[in-house]
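Structure record follows, encoded as structure tokens.
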């Protein structure tokens with residue numbers, strides 16, 4: 010359990026933001042932390058959507074319950090947070 | 061006694077190269093300072109400065125210029141322009157003075173290096189005058205804002221900015237260190253005078269002076285155009301240097317220096333001029349958009365100068381041209397959002413009318429940048445200023461020192477350009493910034509961005525207040541919305557809709 014900085018490229022946002030998370034966080038918790046700094050601040054919420062995350066350059070999303078410590082993500086790595094329809 | 065014409069004695073008087081006998085040529089002109097690239101001294105002696113002046117002529121002309129500037133200032137001292145001016149215009153003045161006044165001292169040192177270590181006598185001569193020019197520019201741009209400090213403490217940043225760790229000042233110093241201060245004489249001639257001054261400041265000052273006239277700030281307009289006449293002269297130091305380099309087979313070396321300097325200067329220019337022209341200048345006083353200005357002066361004129369000299373456009377020209385469409389819009393949202401971290405009050409410049417203007421100048425603005433502003437406006441309408449203020453830092457580019465930005469909204473395009481070097485991962489805002497680092501990692505590798513410093517624990521406490529203290533921004537200095545959010549009332553439909561939905565709040 011340790012503080013861990015990531016770089017958030019949040020869908021619809023204008024700049025990368027520094028987001029502090031915890032190595033024990035799941036990807037859903039990492040998404041919530043990123044959303045805190047973008048959603049309803051510079052990006053409009055999209056009803057019926059949740060936030061998912063993928064590594065920059067990757068096409069597949071990371072599993073929602075995957076823990077950060079197990080994801081092989083480097084400090085300050087740029088993660089892309091994107092909207093996904095709830096029913097998906 | 062009649063005096064000879066300047067042309068009768070000038071060439072002889074400035075033939076000041078000699079053969080040293082007490083020290084070697086290398087000791088007199090160490091390569092690290094001279095940057096001759098192995099081109100022998102006699103090849104530099106063909107340097108022919110396009111603008112020739114003697115010291116008495118220089119002093120007479122400069123004295124007249126100074127008299128003009130100070131007398132206009134004195135004549136207008138009692139007018140109410142400062143108090144009556146739009147707050148957006150005052151912000152332009154503050155941003156300009158803080159960013160530029162002490163950078164002129166840095167440029168003075170660059171000129172001093174050329175005056176001492178330039179291998180061409182004509183270059184040394186011109187740089188001596190350039191050095192005096194830059195000193196004058198610093199003094200003027202410290203003197204003018206000084207009288208405003210008692211009315212508005214942010215004007216104190218004309219002198220203070222470069223002495224702080226404020227993020228914009230760090231970015232400016234990094235650029236200035238790279239292309240004015242920590243280069244040899246030949247590189248300085250190319251990077252400072254040719255790329256930075258011919259390409260950007262000379263043109264930026266023309267635009268700024270025109271905007272000042274349009275706004276009715278004749279004192280500032282006169283000041284800026286007076287400075288610009290000096291710039292137009294000493295910016296010509298680099299041209300003949302480039303001709304000598306190309307003639308002696310060093311085109312690639314010259315081109316690389318130009319490519320680096322243009323890229324580094326461009327980002328600062330995009331902030332200083334982009335925000336001023338498209339957002340801070342009151343709409344009725346705008347003559348052109350930033351992109352139109354950039355296209356007319358940078359692309360139209362500077363591009364032609366480059367090609368006429370036999371050089372190429374920088375390899376990234378298409379990327380840079382694309383950036384003229386969007387990058388400064390993203391910088392603007394960032395600076396407005398992180399407004400407590402700057403020494404001026406950013407003007408939002410996004411009333412419904414202003415958005416129409418932006419959409420006309422930048423088709424698609426409303427569905428991209430406008431999307432972010434829609435959220436900000438809704439928060440302000442709802443009285444949630446807290447949601448418009450940041451709770452974290454932006455990720456900052458390890459080259460430009462500016463937040464890594466992209467296109468928001470419907471055409472979302474945003475990414476990091478990382479690079480691993482000697483076990484450290486660097487983050488860049490574009491391929492261009494990353495390329496600059498790769499050209500000379502040793503020069504750049506130890507620099508820490510404000511975010512790097514934050515993560516290294518150098519900023520305590522680790523929150524926004526800690527960051528503001530680190531940047532030396534005290535109460536009365538940190539920025540807030542230039543118009544006190546009054547512009548939000550122009551969104552009458554949204555205000556009415558919110559009031560209808562929230563009768564208690566209304």
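Protein chains in written order, with the numbering used here: chain F, 10 to 97; chain D, 61 to 566. From the three backbone atoms N, C-alpha and C, an ideal C-beta is built for every residue, glycine too.
Note down, in chain order, every chain F residue with its Cβ under 9 angstroms from the Cβ of residue i.
i                      : result
residue 52 of chain D  : Because chain D spans 61 through 566 in this model, residue 52 of chain D falls outside it and cannot be assessed.
residue 618 of chain D : Any answer about residue 618 of chain D is impossible in this case: the structure gives chain D only from 61 up to 566.
residue 416 of chain D : Near residue 416 of chain D there are no residues of chain F at all, since even the closest Cβ is about 21 angstroms away, more than 9 angstroms.
residue 451 of chain D : 45, 46, 50
residue 485 of chain D : 83, 84, 85, 86
For residue i, which residues does DSSP report across the bridge?
i                      : result
residue 382 of chain D : BP columns for residue 382 of chain D are empty, so no partner.
residue 561 of chain D : None, per the DSSP bridge assignment.
residue 26 of chain F  : F/17, D/454
residue 432 of chain D : BP columns for residue 432 of chain D are empty, so no partner.
residue 93 of chain F  : F/59
residue 473 of chain D : D/467
residue 480 of chain D : D/485
residue 52 of chain F  : F/48
residue 213 of chain D : For residue 213 of chain D, which the question treats as bridged, DSSP gives no partner whatsoever.
residue 64 of chain F  : F/88
residue 448 of chain D : Note: residue 448 of chain D sits in no beta bridge, so no partner.
residue 305 of chain D : Looking at the DSSP assignment, residue 305 of chain D forms no beta bridge with any residue, so it has no partner.
residue 79 of chain F  : DSSP output for residue 79 of chain F lists no bridge partner at all.
residue 35 of chain F  : F/76
For residue i, which option in the options has the closest C-alpha, if you only look at C-alpha atoms?
i                      : options                    : result
residue 495 of chain D : D/530, D/519, D/459, D/528 : D/459
residue 30 of chain F  : F/91, F/83, F/58, F/96     : F/83
residue 480 of chain D : D/260, D/505, D/427        : D/505
residue 511 of chain D : D/144, D/528, D/497, D/113 : D/528
residue 382 of chain D : D/312, D/214, D/473        : D/473
residue 488 of chain D : D/411, D/469, D/476        : D/476
residue 449 of chain D : D/267, D/540, D/421        : D/540
residue 374 of chain D : D/323, D/419, D/346        : D/323
residue 275 of chain D : D/223, D/82, D/215, D/346  : D/346
residue 281 of chain D : D/302, D/77, D/200         : D/200
residue 60 of chain F  : F/74, F/47, F/92, F/77     : F/92
residue 178 of chain D : D/100, D/223, D/72         : D/100
residue 228 of chain D : D/156, D/211, D/443        : D/156
How would you write the range of the alpha helix (DSSP H) that residue i sits in, first residue to last?
i                      : result
residue 226 of chain D : That residue, residue 226 of chain D, is in no alpha helix (DSSP H); it is neither H nor E in DSSP.
residue 586 of chain D : As shown, chain D starts at 61 and ends at 566. That puts residue 586 of chain D outside it, with no answer to give.
residue 494 of chain D : 491-499
residue 335 of chain D : 311-335
residue 291 of chain D : 278-294
residue 486 of chain D : Segment 484-488 is the beta strand (DSSP E) holding residue 486 of chain D; no alpha helix (DSSP H) there.
residue 104 of chain D : 101-104
residue 173 of chain D : 147-177
residue 415 of chain D : 412-421
residue 123 of chain D : 115-136
residue 69 of chain D  : 66-73
residue 549 of chain D : Looking at the DSSP string, residue 549 of chain D is not in any alpha helix (DSSP H), and its letter there is neither H nor E.
residue 111 of chain D : Premise fails: residue 111 of chain D is in no alpha helix (DSSP H) and is neither H nor E.
Shorter than 8 angstroms from the beta carbon of residue i to some beta carbon of chain A?
i                      : result
residue 491 of chain D : Absence of chain A from the displayed structure is noted, the protein chains being F and D.
With distances taken between CB atoms, is the gap from residue i to residue j smaller than 8 angstroms?
i                      : j                      : result
residue 403 of chain D : residue 533 of chain D : yes
residue 340 of chain D : residue 430 of chain D : no
residue 256 of chain D : residue 318 of chain D : no
residue 437 of chain D : residue 551 of chain D : yes
residue 109 of chain D : residue 225 of chain D : no
residue 11 of chain F  : residue 32 of chain F  : yes
residue 263 of chain D : residue 350 of chain D : no
residue 163 of chain D : residue 259 of chain D : no
residue 107 of chain D : residue 180 of chain D : yes
residue 271 of chain D : residue 141 of chain D : no
residue 17 of chain F  : residue 43 of chain F  : yes
residue 232 of chain D : residue 170 of chain D : no
residue 394 of chain D : residue 24 of chain F  : yes
residue 154 of chain D : residue 214 of chain D : yes
residue 542 of chain D : residue 407 of chain D : yes
residue 385 of chain D : residue 422 of chain D : yes
residue 379 of chain D : residue 321 of chain D : no
residue 440 of chain D : residue 392 of chain D : no
Which chain F residues sit within Cβ distance under 7 angstroms of residue i?
i                      : result
residue 469 of chain D : 21
residue 553 of chain D : Those do not exist, as residue 553 of chain D stays about 17 angstroms from chain F at its closest Cβ, beyond 7 angstroms.
residue 511 of chain D : 27
residue 472 of chain D : 20, 21
Who are the neighbours of residue i on chain F, taking C-beta pairs under 8 angstroms?
i                      : result
residue 390 of chain D : 23, 24
residue 425 of chain D : Here the premise fails: no neighbours, minimum Cβ distance about 12 angstroms.
Which residues of chain D have a Cβ atom closer than 7 angstroms to the Cβ of residue i, listed in chain order?
i                     : result
residue 8 of chain F  : In this structure chain F extends from 10 to 97, so residue 8 of chain F is not present and cannot be described.
residue 41 of chain F : Neighbours of residue 41 of chain F on chain D: none; closest Cβ ~14 angstroms, over 7 angstroms.
I want to verify the contact list: residues of chain D whose CB lies under 9 angstroms from the CB of residue i, in sequence order.
i                     : result
residue 28 of chain F : 452
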